[in-house]
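With the first letter of the sequence shown counted as 1, position 85 gets the number 1372 in the numbering used here; the numbers rise by one all the way through.
Think of the CB as a built atom: it goes at the ideal place given N, C-alpha and C, for glycine as much as any other residue.
Report on the following structure.
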Amino acid sequence: MNTILLVVLVFSSVALLAVIVRHRLSWSWAKSFTLHLISACAVLYLLNYSGLISDIKIPINPATISTVVVLGIPGIALIVGLQHIMV
């Protein structure tokens, strides 16, 4: 049963990569997403270790990074506000 699921996973991954490679629009979306992801990680890292927000440490995990990637600077404000309210 596990080998069947593994074969289906590999086949669907290869098919997805084939679709992405064929369409040029997907590359621009992937570049934009990667740029947002890297900038979100960098901003969270700089905020944590620069001392701009001395009382609050924002953990770098998938939930916080995805919030900052989707919302941008308001996402950082949202996370800081939630931590201020919760702590």
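* Looking at L1331 and I1340, is the spacing between their C-beta atoms short of 7 angstroms? -> Between I1340 and L1331, the C-beta spacing is not below 7 angstroms.
* Asked: Does the separation of the CB atoms of V1355 and A1327 fall below 7 angstroms?
  -> yes
* To do: Under the assumption that I1343 contacts Q1370 (Cβ atoms under 8 angstroms), give the Cβ distance between them as a whole number of angstroms.
  => 5 angstroms
* **N1289: first and last residue of the uninterrupted alpha helix (DSSP H) it sits in** => Residues 1289–1309.
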